[in-house]
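Accompanying notes for the structure given below.
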(Lines of atoms letter the chains of each structure in order from A and count residues from 1; the text may use other names and numbers.)
(Lines give C-alpha, C1' and ligand atoms only; values in the text may rest on other atoms or scores of the structure.)
Protein backbone atom coordinates (compact mmCIF):
# COMPACT_ATOMS: atom_id res chain seq x y z
CA UNK A 1 0.00 0.00 0.00
CA UNK A 2 1.23 3.49 -0.89
CA UNK A 3 2.06 5.43 2.28
CA UNK A 4 1.46 9.18 2.19
CA UNK A 5 3.97 11.49 3.84
CA UNK A 6 4.00 15.25 4.50
CA UNK A 7 0.19 15.35 4.77
CA UNK A 8 0.40 17.49 7.91
CA UNK A 9 2.43 20.08 5.99
CA UNK A 10 -0.37 20.37 3.42
CA UNK A 11 -2.95 20.46 6.20
CA UNK A 12 -1.48 23.50 7.99
CA UNK A 13 -1.17 25.71 4.90
CA UNK A 14 -3.08 28.99 5.21
CA UNK A 15 -4.87 28.51 1.87
CA UNK A 16 -6.13 25.09 2.97
CA UNK A 17 -7.51 26.53 6.21
CA UNK A 18 -9.24 29.29 4.29
CA UNK A 19 -10.88 26.59 2.13
CA UNK A 20 -11.79 24.79 5.35
CA UNK A 21 -13.43 27.99 6.60
CA UNK A 22 -15.50 28.30 3.41
CA UNK A 23 -16.64 24.69 3.75
CA UNK A 24 -17.42 25.04 7.47
CA UNK A 25 -19.53 28.18 7.05
CA UNK A 26 -21.63 26.75 4.19
CA UNK A 27 -25.31 27.41 4.95
CA UNK A 28 -24.27 28.85 8.33
CA UNK A 29 -22.64 32.15 7.37
CA UNK A 30 -25.14 34.36 9.25
CA UNK A 31 -25.01 32.49 12.55
CA UNK A 32 -23.58 34.55 15.40
CA UNK A 33 -20.67 32.17 16.01
CA UNK A 34 -19.69 32.29 12.34
CA UNK A 35 -20.04 36.07 12.09
CA UNK A 36 -17.86 36.51 15.16
CA UNK A 37 -15.13 34.24 13.74
CA UNK A 38 -15.35 35.90 10.32
CA UNK A 39 -14.97 39.41 11.76
CA UNK A 40 -11.32 38.62 12.52
CA UNK A 41 -10.82 35.89 9.95
CA UNK A 42 -7.11 36.07 9.15
CA UNK A 43 -6.03 36.20 12.79
CA UNK A 44 -8.34 33.31 13.73
CA UNK A 45 -7.05 31.14 10.89
CA UNK A 46 -3.42 31.86 11.77
CA UNK A 47 -4.09 31.22 15.46
CA UNK A 48 -5.52 27.78 14.66
CA UNK A 49 -2.55 26.93 12.44
CA UNK A 50 -0.05 27.99 15.13
CA UNK A 51 -1.73 25.79 17.73
CA UNK A 52 -1.49 22.86 15.31
CA UNK A 53 2.19 23.53 14.56
CA UNK A 54 3.05 23.57 18.26
CA UNK A 55 0.82 20.57 19.14
CA UNK A 56 -1.10 22.76 21.58
CA UNK A 57 -4.39 22.37 19.71
CA UNK A 58 -7.27 20.88 21.69
CA UNK A 59 -10.96 20.74 20.86
CA UNK A 60 -12.87 23.05 23.17
CA UNK A 61 -16.08 21.92 24.81
CA UNK A 62 -18.53 20.27 22.44
CA UNK A 63 -22.24 21.02 22.53
CA UNK A 64 -24.40 17.94 23.01
CA UNK A 65 -27.99 17.74 21.80
CA UNK A 66 -30.45 15.30 20.27
CA UNK A 67 -31.72 15.11 16.71
CA UNK A 68 -35.09 13.43 16.29
CA UNK A 69 -35.31 13.24 12.50
CA UNK A 70 -35.01 10.80 10.86
CA UNK A 71 -34.50 9.09 14.26
CA UNK A 72 -33.41 10.04 17.75
CA UNK A 73 -29.63 10.26 18.06
CA UNK A 74 -27.02 12.15 20.05
CA UNK A 75 -25.16 14.88 18.17
CA UNK A 76 -21.88 16.31 19.46
CA UNK A 77 -21.31 19.68 17.79
CA UNK A 78 -17.83 21.18 17.90
CA UNK A 79 -17.36 24.98 18.06
CA UNK A 80 -16.98 26.78 14.73
CA UNK A 81 -13.23 27.38 15.12
CA UNK A 82 -12.75 23.62 15.54
CA UNK A 83 -15.08 22.92 12.62
CA UNK A 84 -12.82 25.06 10.39
CA UNK A 85 -9.81 22.94 11.37
CA UNK A 86 -11.87 19.77 10.94
CA UNK A 87 -12.83 20.81 7.40
CA UNK A 88 -9.24 21.77 6.56
CA UNK A 89 -8.15 18.25 7.57
CA UNK A 90 -10.96 16.75 5.49
CA UNK A 91 -9.74 18.69 2.43
CA UNK A 92 -6.35 16.95 2.43
CA UNK A 93 -7.46 13.54 3.73
CA UNK A 94 -10.49 12.84 1.53
CA UNK A 95 -8.45 12.34 -1.71
CA UNK A 96 -6.20 9.86 0.12
CA UNK A 97 -8.90 7.71 1.68
CA UNK A 98 -11.69 7.89 -0.88
CA UNK A 99 -9.65 6.17 -3.61
CA UNK A 100 -9.90 2.90 -1.65
CA UNK A 101 -13.68 3.12 -1.07
CA UNK A 102 -15.95 0.45 -2.50
CA UNK A 103 -17.80 1.81 -5.54
CA UNK A 104 -21.24 0.99 -4.11
CA UNK A 105 -20.76 2.71 -0.77
CA UNK A 106 -23.16 5.65 -0.85
CA UNK A 107 -23.26 7.31 2.59
CA UNK A 108 -21.44 10.66 3.04
CA UNK A 109 -19.77 10.33 -0.37
CA UNK A 110 -19.95 13.47 -2.56
CA UNK A 111 -21.97 12.87 -5.71
CA UNK A 112 -23.79 9.84 -4.32
CA UNK A 113 -26.40 9.76 -1.53
CA UNK A 114 -29.73 8.05 -0.87
CA UNK A 115 -31.28 8.49 -4.33
CA UNK A 116 -28.27 6.95 -6.07
CA UNK A 117 -28.31 4.07 -3.56
CA UNK A 118 -32.02 3.39 -4.13
CA UNK A 119 -31.64 3.48 -7.92
CA UNK A 120 -28.67 1.10 -7.84
CA UNK A 121 -30.46 -1.44 -5.64
CA UNK A 122 -33.58 -1.33 -7.80
CA UNK A 123 -31.45 -1.79 -10.93
CA UNK A 124 -29.95 -4.96 -9.44
CA UNK A 125 -33.42 -6.24 -8.49
CA UNK A 126 -34.58 -5.81 -12.08
CA UNK A 127 -31.40 -7.50 -13.28
CA UNK A 128 -31.86 -10.66 -11.21
CA UNK A 129 -35.58 -10.73 -12.03
CA UNK A 130 -34.85 -10.85 -15.74
CA UNK A 131 -31.74 -12.97 -15.95
CA UNK A 132 -32.67 -16.11 -13.98
CA UNK A 133 -35.57 -18.50 -13.62
CA UNK A 134 -35.18 -18.97 -9.86
CA UNK A 135 -35.95 -16.65 -6.98
CA UNK A 136 -33.15 -14.53 -5.53
CA UNK A 137 -32.91 -13.52 -1.89
CA UNK A 138 -31.86 -10.31 -0.23
CA UNK A 139 -29.98 -10.04 3.05
CA UNK A 140 -30.38 -6.90 5.13
CA UNK A 141 -27.94 -6.08 7.91
CA UNK A 142 -26.75 -3.19 9.97
CA UNK A 143 -24.13 -2.81 12.65
CA UNK A 144 -25.31 -2.66 16.23
CA UNK A 145 -24.88 0.93 17.53
CA UNK A 146 -22.06 1.49 15.07
CA UNK A 147 -21.29 5.14 15.87
CA UNK A 148 -21.35 4.47 19.61
CA UNK A 149 -19.50 1.13 19.65
CA UNK A 150 -16.63 1.34 17.16
CA UNK A 151 -13.39 1.21 19.20
CA UNK A 152 -11.12 4.26 19.05
CA UNK A 153 -8.06 2.05 18.48
CA UNK A 154 -9.80 0.50 15.45
CA UNK A 155 -10.55 3.97 14.07
CA UNK A 156 -6.91 5.04 14.48
CA UNK A 157 -5.59 1.77 13.03
CA UNK A 158 -7.69 2.08 9.86
CA UNK A 159 -6.96 5.81 9.53
CA UNK A 160 -3.25 5.09 9.82
CA UNK A 161 -3.03 2.47 7.08
CA UNK A 162 -2.27 4.83 4.17
CA UNK A 163 -0.37 7.42 6.26
CA UNK A 164 3.30 7.63 7.16
CA UNK A 165 2.93 10.89 9.02
CA UNK A 166 3.08 10.94 12.85
CA UNK A 167 2.02 14.59 12.98
CA UNK A 168 -1.16 13.91 11.02
CA UNK A 169 -1.92 10.91 13.20
CA UNK A 170 -1.47 13.11 16.28
CA UNK A 171 -4.12 15.46 14.92
CA UNK A 172 -6.51 12.63 14.01
CA UNK A 173 -6.29 11.17 17.50
CA UNK A 174 -6.89 14.63 18.98
CA UNK A 175 -9.94 15.11 16.74
CA UNK A 176 -11.37 11.64 17.44
CA UNK A 177 -11.02 11.93 21.21
CA UNK A 178 -12.74 15.32 21.12
CA UNK A 179 -12.96 17.19 24.40
CA UNK A 180 -12.26 14.07 26.42
CA UNK A 181 -15.81 13.07 27.23
CA UNK A 182 -16.99 9.48 26.82
CA UNK A 183 -19.52 8.81 24.08
CA UNK A 184 -19.62 5.02 23.94
CA UNK A 185 -22.88 3.23 24.73
CA UNK A 186 -23.52 -0.27 26.12
CA UNK A 187 -24.85 -2.81 23.62
CA UNK A 188 -27.82 -3.90 25.67
CA UNK A 189 -29.60 -0.59 26.33
CA UNK A 190 -30.50 2.65 24.59
CA UNK A 191 -29.18 6.02 25.65
CA UNK A 192 -27.66 6.36 29.12
CA UNK A 193 -26.60 9.24 31.35
CA UNK A 194 -23.26 10.82 30.44
CA UNK A 195 -21.65 9.37 33.58
CA UNK A 196 -22.50 5.84 32.37
CA UNK A 197 -21.03 6.22 28.89
CA UNK A 198 -17.92 4.25 27.98
CA UNK A 199 -14.45 5.64 27.23
CA UNK A 200 -12.44 4.25 24.32
CA UNK A 201 -15.33 3.43 22.00
CA UNK A 202 -17.64 5.45 19.78
CA UNK A 203 -17.22 8.52 17.61
CA UNK A 204 -18.68 12.00 17.47
CA UNK A 205 -21.78 12.09 15.30
CA UNK A 206 -21.93 15.34 13.37
CA UNK A 207 -18.47 16.12 11.97
CA UNK A 208 -16.94 15.57 8.54
CA UNK A 209 -14.03 13.67 10.07
CA UNK A 210 -16.36 11.22 11.84
CA UNK A 211 -18.42 10.68 8.66
CA UNK A 212 -15.26 9.98 6.70
CA UNK A 213 -13.89 7.73 9.46
CA UNK A 214 -17.10 5.70 9.48
CA UNK A 215 -16.58 4.87 5.80
CA UNK A 216 -12.88 4.17 6.32
CA UNK A 217 -13.59 1.71 9.15
CA UNK A 218 -16.18 -0.23 7.12
CA UNK A 219 -14.29 -0.24 3.81
CA UNK A 220 -12.38 -3.46 4.72
CA UNK A 221 -15.76 -5.13 5.27
CA UNK A 222 -16.91 -4.02 1.80
CA UNK A 223 -13.87 -5.55 0.13
CA UNK A 224 -14.11 -8.71 2.23
CA UNK A 225 -17.74 -9.26 1.20
CA UNK A 226 -16.95 -8.72 -2.48
CA UNK A 227 -13.54 -10.38 -2.84
CA UNK A 228 -13.60 -13.16 -0.25
CA UNK A 229 -17.27 -13.98 0.38
CA UNK A 230 -17.98 -13.00 -3.24
CA UNK A 231 -21.56 -11.84 -2.88
CA UNK A 232 -22.58 -10.72 -6.38
CA UNK A 233 -24.58 -7.59 -5.56
CA UNK A 234 -23.58 -5.73 -2.39
CA UNK A 235 -24.45 -2.16 -1.36
CA UNK A 236 -23.75 -0.10 1.75
CA UNK A 237 -25.04 3.19 3.09
CA UNK A 238 -22.96 4.00 6.19
CA UNK A 239 -23.69 1.08 8.57
CA UNK A 240 -26.67 -0.32 6.60
CA UNK A 241 -25.80 -3.14 4.19
CA UNK A 242 -27.87 -5.12 1.70
CA UNK A 243 -26.84 -7.82 -0.73
CA UNK A 244 -28.53 -10.19 -3.17
CA UNK A 245 -27.82 -13.93 -3.29
CA UNK A 246 -29.16 -16.71 -5.54
CA UNK A 247 -30.31 -18.78 -2.55
CA UNK A 248 -31.53 -18.30 1.01
CA UNK A 249 -28.77 -20.55 2.34
CA UNK A 250 -26.04 -18.51 0.64
CA UNK A 251 -27.50 -15.31 2.06
CA UNK A 252 -27.48 -16.60 5.64
CA UNK A 253 -23.99 -18.03 5.20
CA UNK A 254 -22.71 -14.67 3.93
CA UNK A 255 -24.33 -12.88 6.88
CA UNK A 256 -22.58 -15.25 9.26
CA UNK A 257 -19.23 -14.48 7.66
CA UNK A 258 -19.98 -10.76 7.79
CA UNK A 259 -20.67 -10.94 11.52
CA UNK A 260 -17.50 -12.97 12.12
CA UNK A 261 -15.44 -10.35 10.26
CA UNK A 262 -17.01 -7.47 12.18
CA UNK A 263 -16.29 -9.12 15.53
CA UNK A 264 -12.74 -10.25 14.74
CA UNK A 265 -11.46 -7.27 12.74
CA UNK A 266 -13.47 -4.26 13.93
CA UNK A 267 -14.79 -5.11 17.39
CA UNK A 268 -18.38 -4.74 16.18
CA UNK A 269 -21.36 -7.00 15.51
CA UNK A 270 -24.61 -7.12 13.57
CA UNK A 271 -27.82 -6.17 15.36
CA UNK A 272 -30.99 -8.22 15.70
CA UNK A 273 -32.64 -6.54 12.69
CA UNK A 274 -30.55 -8.72 10.39
CA UNK A 275 -32.89 -10.60 8.05
CA UNK A 276 -33.13 -12.57 4.81
CA UNK A 277 -36.19 -12.29 2.54
CA UNK A 278 -37.24 -12.82 -1.07
CA UNK A 279 -35.76 -9.99 -3.12
CA UNK A 280 -39.20 -8.80 -4.30
CA UNK A 281 -40.75 -8.48 -0.81
CA UNK A 282 -39.97 -4.76 -0.70
CA UNK A 283 -36.90 -4.55 1.55
CA UNK A 284 -36.40 -1.30 3.46
CA UNK A 285 -33.31 0.75 2.69
CA UNK A 286 -32.41 4.41 3.32
CA UNK A 287 -35.96 5.32 4.33
CA UNK A 288 -37.68 3.62 1.38
CA UNK A 289 -39.24 0.30 0.50
CA UNK A 290 -37.94 -0.91 -2.83
CA UNK A 291 -39.41 -3.34 -5.37
CA UNK A 292 -38.26 -4.03 -8.92
CA UNK A 293 -41.16 -1.95 -10.29
CA UNK A 294 -41.76 0.76 -7.65
CA UNK A 295 -40.35 2.69 -4.70
CA UNK A 296 -42.32 4.03 -1.74
CA UNK A 297 -41.43 5.78 1.48
CA UNK A 298 -41.07 3.44 4.41
CA UNK A 299 -44.08 3.70 6.73
CA UNK A 300 -41.94 4.83 9.66
CA UNK A 301 -40.32 7.47 7.42
CA UNK A 302 -43.69 8.89 6.37
CA UNK A 303 -44.85 8.96 10.01
CA UNK A 304 -41.68 10.79 11.11
CA UNK A 305 -42.12 13.21 8.22
CA UNK A 306 -45.71 13.99 9.26
CA UNK A 307 -44.63 14.52 12.88
CA UNK A 308 -41.79 16.78 11.78
CA UNK A 309 -44.05 18.86 9.54
CA UNK A 310 -46.57 19.20 12.35
CA UNK A 311 -43.76 20.34 14.65
CA UNK A 312 -42.65 22.91 12.05
CA UNK A 313 -46.20 24.26 11.60
CA UNK A 314 -46.75 24.58 15.35
CA UNK A 315 -43.43 26.27 16.05
CA UNK A 316 -43.78 28.56 13.05
CA UNK A 317 -47.17 29.63 14.41
CA UNK A 318 -45.58 30.69 17.71
CA UNK A 319 -42.74 32.52 15.97
CA UNK A 320 -40.02 30.07 17.05
CA UNK A 321 -39.20 29.07 13.46
CA UNK A 322 -38.71 31.29 10.43
CA UNK A 323 -40.58 31.00 7.17
CA UNK A 324 -37.26 30.34 5.42
CA UNK A 325 -36.60 27.31 7.63
CA UNK A 326 -40.18 26.01 7.33
CA UNK A 327 -40.06 26.22 3.54
CA UNK A 328 -36.66 24.51 3.40
CA UNK A 329 -38.14 21.57 5.34
CA UNK A 330 -41.17 21.11 3.06
CA UNK A 331 -39.03 21.50 -0.07
CA UNK A 332 -36.66 18.81 1.24
CA UNK A 333 -39.51 16.36 1.87
CA UNK A 334 -41.14 17.08 -1.48
CA UNK A 335 -37.80 16.40 -3.14
CA UNK A 336 -37.58 13.07 -1.32
CA UNK A 337 -41.12 12.09 -2.38
CA UNK A 338 -40.52 13.20 -5.97
CA UNK A 339 -38.65 9.96 -6.61
CA UNK A 340 -41.19 7.72 -4.85
CA UNK A 341 -44.58 6.34 -5.85
CA UNK A 342 -46.44 8.25 -3.13
CA UNK A 343 -48.75 10.61 -5.03
CA UNK A 344 -51.56 10.48 -2.45
CA UNK A 345 -49.14 11.18 0.40
CA UNK A 346 -47.61 14.09 -1.50
CA UNK A 347 -51.02 15.68 -2.07
CA UNK A 348 -51.97 15.20 1.58
CA UNK A 349 -48.73 16.82 2.77
CA UNK A 350 -49.27 19.85 0.54
CA UNK A 351 -52.89 20.23 1.69
CA UNK A 352 -51.95 20.10 5.37
CA UNK A 353 -48.83 22.26 5.31
CA UNK A 354 -50.36 25.69 5.88
CA UNK A 355 -48.22 28.25 7.69
CA UNK A 356 -50.11 30.70 9.88
CA UNK A 357 -48.74 32.94 12.61
CA UNK A 358 -50.75 33.14 15.80
CA UNK A 359 -51.89 36.67 16.49
CA UNK A 360 -50.38 38.22 19.61
CA UNK A 361 -52.86 39.06 22.41
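In this note's numbering, the protein residues as written are 1279 to 1639. Backbone N, C-alpha and C define an ideal beta-carbon position, used for all residues, glycine too.
Within 7 Å, strictly: CB atoms of residue i and residue j
i	j	result
residue 1414	residue 1524	yes
residue 1380	residue 1515	no
residue 1462	residue 1475	yes
residue 1449	residue 1499	no
residue 1395	residue 1298	no
residue 1491	residue 1398	no
residue 1345	residue 1570	no
residue 1594	residue 1546	no
residue 1624	residue 1615	yes
residue 1486	residue 1322	no
Distance, residue j Cα to residue i Cα
i	j	result
residue 1303	residue 1312	7 Å
residue 1586	residue 1483	21 Å
residue 1488	residue 1361	12 Å
residue 1510	residue 1551	22 Å
residue 1340	residue 1294	24 Å
residue 1446	residue 1424	25 Å
residue 1481	residue 1612	32 Å
residue 1631	residue 1577	19 Å
residue 1442	residue 1357	29 Å
residue 1343	residue 1352	6 Å
residue 1300	residue 1386	19 Å
Residues that DSSP places opposite residue i in a beta bridge
i	result
residue 1574	1567
residue 1612	Beta-bridge pairing links residue 1612 to no other residue.
residue 1282	1441
residue 1383	1514
heavy atom of the ligand ATP below 6 Å from residue i C-beta
i	result
residue 1553	In terms of ligand content, the structure shown is empty, and the ligand ATP therefore cannot be addressed.
Unbroken alpha helix (DSSP H) runs of length 4 or more, entirely within the region 1506–1590: which are they?
Fully enclosed alpha helix (DSSP H) runs of 4 or longer: 1526–1539.
Which runs of the alpha helix (DSSP H) at least 4 residues long sit entirely within the region 1309–1355? Give them in chain order.
The qualifying runs are 1310–1316 and 1319–1331.
Stretch pair the region 1559–1567 + the region 1525–1545: three plus CB contacts closer than 8 Å:
No, they do not touch.
Taking contact to mean 3 or more Cβ pairs, one atom from each stretch, closer than 8 Å, check whether the region 1501–1519 and the region 1370–1377 are in contact.
Counting Cβ pairs under 8 Å, fewer than three are found: no touch.
Whole alpha helix (DSSP H) runs in the region 1408–1484 with 4 or more residues, listed along the chain?
1424–1427, 1430–1438 and 1444–1455
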